[in-house]
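*Asks:* Got a structure for you, written out below as structure tokens; questions coming shortly.
Residue numbers (my numbering): 296 to 860.
Here's what the structure looks like:
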């Protein structure tokens, strides 16, 4: 009888995060030094060996089953297509995968699932995770920074800094301590049809907690019917009855927890509703930065002056030729389902972080980073807003001399609309943003808006002044004077001159200028040579006449003031 032999074995069932996806190579061209082939690197973060047979690696559209392989503790494994195994054998342990998922260059949702169907790790990577505009174009891998922080998304991933372009099968080149101490929050609410919304989180969520319907409260008479997860970041809330056009609803979210255990400190409330088609004049171009500082970026701000909810993905931003007014370049504002509500501002830019750094807007400023903003010329150009049916919603054909005359350097100075109701292409309806707001107010109320005739609180004279005092120092308070007029009939001509107290002519605001039935002039406290005038009291003499011999004359005093040193 043969001798009895005894063997020790361990039956180990991995838990979530015992095995991690730690490196991804979705875009291998142009090649740096790695093989021109996609791979996914996994790492055994547990203290036990793991049998991978029957596990699955999946993306948003496909999945593939892994063959038998024992992954030792603290070990890496390269997963790639069976046809690319030889190419990666020089870098470390490789497992060929039949029907290896094709990795999307810009975004994908990777999942590692054990043979019992349990989700072990998920990486919903995005192109922005590279945090490097050059490397995101290809040839470089995405690496996890801290394997002990597997829940974080973009905050724990970046482009490899290894000279070869990546570190397949080895410790990541950016490996470092990077603990997750931040709580999740909802950054976007998207409408899906008439009876559901998506809530997009800033971090990977604890799914078991996120599915609790008690964390969500809907306003406007909507009742939750179900809650599910579209991916690790996205909550789908279904409700009844169906939303009605013209109604604004709310959702309040509280108690969400990320997979590291961080809990939302405060509840968040968002508005949503059914979007309507934008028409001419519904949205106006409200602010333009066309000449940024060196290293800065352009931005354009919109304002929804209608009563409609507008889907931003139904808008196009375009560049127009100032002579022909033909469009020379256009781009979709965004593909996301972002909504612009009545009386809401939205600034769009290619680099949100740089815009915030430059202008320090308040936290509530609505600034959207987009992929492609037309490159507007520094001296003159057209900014055009259209809907996807090519209807022009608004357009502004600006010149650099619309800027405040007393500003010596206009780099980084945004042009702000003075009145929502003023003409878009009237230079008198635009002014340089104030120095007190760093010369720009992206995503929130303009520094240079003023109360004009016809608005609540304004007077009823034929020609009205926006103020009785101006202090043209660029601080955003009464930097200029607006003279607004509303006429009963066309055919009037205006002479508007400024005199000092001794009757000497200081400036000509208008000279024999044929008027529309309504409009405005702007005066910035300068003389005929564009020089700033001394403080004091000045007289504005306005004369309106028509070809029938009718004449109207008005005199108004204005104080030009200055701050005391």
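Glycine included, every Cβ here is placed at the ideal spot set by N, Cα and C.
Compare the beta carbon distance of residue 463 and residue 333 with 8 Å and say whether it is the shorter of the two.
*Replies:* Translated into the one-based positions of the chain shown, residue 463 becomes position 168. Translated into the one-based positions of the chain shown, residue 333 becomes position 38. No, they are not a contact pair.
*Asks:* Determine contact between the segment 330-344 and the segment 367-384, defined as no fewer than three beta-carbon pairs at a distance below 8 Å.
*Replies:* yes
*Asks:* Considering only residues of the same chain and omitting the five flanking positions on each side of residue 445, which have a CB-CB separation below 7 Å?
*Replies:* Position 150 of the chain shown, counting from 1, holds the residue named residue 445. Excluding sequence neighbours, residue 445 sits near 312, 315, 416.
*Asks:* State yes or no: is the C-beta of residue 776 within less than 8 Å of the C-beta of residue 766?
*Replies:* Start at 1 with the first residue of the chain shown, and residue 776 comes out as number 481. Start at 1 with the first residue of the chain shown, and residue 766 comes out as number 471. In this structure, residue 766 does not lie closer than 8 Å to residue 776 by Cβ.
*Asks:* Looking only at its chain, what residues have a beta carbon closer than 6 Å to the beta carbon of residue 360, apart from the 5 residues adjacent to it on each side?
*Replies:* The residue you call residue 360 lines up with position 65 of the chain shown. For residue 360, where only same-chain residues beyond five positions count, the Cβ hits under 6 Å are 351.
*Asks:* Could you give the DSSP three-state label for residue 506: helix, strand or coil?
*Replies:* Within the chain shown, the letter at position 211 stands for residue 506. In this structure, residue 506 counts as coil in the three-state DSSP scheme.
*Asks:* Taking the continuous beta strand (DSSP E) assigned at residue 803, which residues delimit it?
*Replies:* Residue numbering aside, residue 803 sits at position 508 when the chain shown is read from its first letter. Run containing residue 803: 800-809, per the beta strand (DSSP E) assignment.
*Asks:* State the start and end residues of the unbroken alpha helix (DSSP H) segment that holds residue 647.
*Replies:* For the purposes of this step, residue 647 is taken as the residue at position 352 of the chain shown. Counting along the chain, the alpha helix (DSSP H) containing residue 647 begins and ends at 647-654.
*Asks:* Between which two residues does the alpha helix (DSSP H) holding residue 382 run?
*Replies:* Walking along the chain shown from the start, residue 382 turns up at place 87. Residue 382 -> alpha helix (DSSP H) spans 380-383.
*Asks:* Taking its Cβ as the centre, do 16 or more other Cβ atoms sit within 10 Å of residue 621, making it buried, or is it exposed?
*Replies:* By one-based count along the chain shown, residue 621 stands at place 326. Residue 621 is exposed by the Cβ-count criterion.
*Asks:* Does residue 529 come out as helix, strand or coil in the three-state DSSP assignment?
*Replies:* Translated into positions along the chain shown, residue 529 becomes position 234. DSSP places residue 529 in strand when its eight states are reduced to three.
*Asks:* Given a cut-off of 8 Å, decide if residue 631 and residue 603 are closer than it, judged by their beta-carbon atoms.
*Replies:* Residue numbering aside, residue 603 sits at position 308 when the chain shown is read from its first letter. Residue numbering aside, residue 631 sits at position 336 when the chain shown is read from its first letter. For residue 603 and residue 631, no; Cβs fall outside 8 Å.
*Asks:* Using only alpha-carbon positions, find the residue among 502, 397, 418 that is nearest to residue 407.
*Replies:* Numbered from its first residue, the chain shown carries residue 407 at position 112. When each option's Cα is compared against that of residue 407, the closest is 418.
*Asks:* Whole angstroms is fine: what's the gap from residue 748's alpha carbon to residue 709's?
*Replies:* Sequence index remark: in the chain shown, residue 748 carries index 453 (1-based). Sequence index remark: in the chain shown, residue 709 carries index 414 (1-based). Residue confidence is low: residue 748 scores 46 on pLDDT, short of 50, so the model does not pin down where it sits. No coordinate-derived value is stated.
*Asks:* Only counting the same chain, and skipping five residues up and downstream in sequence, which positions put a Cβ closer than 6 Å to that of residue 848?
*Replies:* Locating residue 848 in the chain shown gives position 553, counting from the first residue. So the qualifying residues of the chain are 838.
*Asks:* Report, in whole angstroms, the separation of the C-beta atoms of residue 677 and residue 583, which I expect to be a contact under 8 Å.
*Replies:* Taking the first residue of the chain shown as position 1, residue 677 is located at position 382. Taking the first residue of the chain shown as position 1, residue 583 is located at position 288. No, residue 677 and residue 583 are not in contact; Cβ-Cβ is about 10 Å, not under 8 Å.
*Asks:* Of all the beta strand (DSSP E) runs that stay within the bounds of the segment 554-617, which reach a length of 3 or more residues?
*Replies:* 563-567, 578-584, 594-599, 610-615
*Asks:* Nearest to residue 596 by CA position, among 773, 607, 320, 478, is which residue?
*Replies:* Within the chain shown, the letter at position 301 stands for residue 596. Relative to residue 596, the option among 773, 607, 320, 478 whose CA is nearest is 607.
*Asks:* Going straight from the alpha carbon of residue 554 to that of residue 701, what length do you get?
*Replies:* Sequence index remark: in the chain shown, residue 554 carries index 259 (1-based). Sequence index remark: in the chain shown, residue 701 carries index 406 (1-based). C-alpha separation (whole angstroms): 55 Å.
*Asks:* Near residue 673, what residues of its chain come up, given a Cβ to Cβ distance below 6 Å and the 5 sequence neighbours on each side ignored?
*Replies:* By 1-based counting over the chain shown, the position of residue 673 is 378. Excluding residues up to 5 positions away in sequence, 586 lie with their Cβ nearer than 6 Å to the Cβ of residue 673 in the same chain.
*Asks:* Based on Cα-Cα distance, which residue from 846, 796, 354 lies nearest to residue 786?
*Replies:* Here residue 786 corresponds to residue number 491 of the chain shown, with the count starting at 1. For the residues 846, 796, 354, the minimum Cα distance to residue 786 belongs to 846.
*Asks:* On the DSSP bridge list, what partners appear for residue 376?
*Replies:* In the chain shown, counting from the first residue as 1, residue 376 sits at position 81. 392, per the DSSP bridge assignment.
*Asks:* Give the DSSP-derived three-state secondary structure of residue 818 in the structure shown.
*Replies:* The count along the chain shown starts at 1 and reaches residue 818 at position 523. Of the three classes helix, strand and coil, the one that applies to residue 818 here is strand, per DSSP.
*Asks:* Between residue 836 and chain C, is any beta-carbon pair separated by less than 8 Å?
*Replies:* No chain C is present in this structure, which holds just one protein chain.
*Asks:* Take the Cβ of residue 240 as the centre, count every other Cβ of all protein chains shown within 10 Å, and call the residue buried at 16 or more, exposed below.
*Replies:* Not covered by the structure: residue 240. The range shown for the chain is 296 to 860.
*Asks:* Per DSSP, what are the beta-bridge partners of residue 850 in this structure?
*Replies:* Locating residue 850 in the chain shown gives position 555, counting from the first residue. Answer is 836, bridged to residue 850.
*Asks:* Quick one: what does DSSP say residue 420 is sitting in, helix, strand or coil?
*Replies:* Taking the first residue of the chain shown as position 1, residue 420 is located at position 125. Reduced to three states, the DSSP call for residue 420 is coil.
*Asks:* Measuring CB to CB, does residue 493 end up less than 8 Å from residue 530?
*Replies:* In the chain shown, counting from the first residue as 1, residue 493 sits at position 198. In the chain shown, counting from the first residue as 1, residue 530 sits at position 235. Yes, these two residues count as a Cβ contact at 8 Å.
*Asks:* Just the Cα atoms here: how many angstroms apart are residue 774 and residue 804?
*Replies:* Within the chain shown, residue 774 is the residue found at index 479, counting from 1. Within the chain shown, residue 804 is the residue found at index 509, counting from 1. About 16 Å.
*Asks:* Is any non-hydrogen atom of the ligand ATP found closer than 7 Å to the C-beta of residue 732, if you look at the structure I gave you?
*Replies:* The model on display carries no ligand, and the ligand ATP is accordingly not part of it.
*Asks:* Assign residue 824 to one of three DSSP states: helix, strand, or coil.
*Replies:* Here residue 824 refers to the residue found at position 529 when the chain shown is read from its first residue. Three-state result, residue 824: coil.
*Asks:* Comparing C-alpha positions only, which one of 558, 349, 439 sits nearest to residue 501?
*Replies:* Reading the chain shown from its first residue, position 206 is the one you call residue 501. By alpha-carbon distance to residue 501, the top candidate from 558, 349, 439 is 558.
*Asks:* For residue 450, does the three-state DSSP call read helix, strand or coil?
*Replies:* Along the chain shown, one-based indexing puts residue 450 at 155. Annotated three-state conformation of residue 450 is helix, per DSSP.
*Asks:* Taking the alpha-carbon of residue 267 as reference, which of 405, 534, 706, 695 has the nearest alpha-carbon?
*Replies:* This structure leaves residue 267 out entirely; the chain is present only between 296 and 860.
*Asks:* Under the rule that 16 or more other beta-carbon atoms within 10 Å means buried, what is residue 431, buried or exposed?
*Replies:* In the chain shown, residue 431 corresponds to position 136, counting from 1. Its Cβ being crowded by 16 or more others within 10 Å, residue 431 is buried.
*Asks:* What does residue 625 pair with, by DSSP beta-bridge criteria?
*Replies:* Here residue 625 is taken as the residue at index 330 of the chain shown, counted from 1. Beta-bridge pairing links residue 625 to 613.
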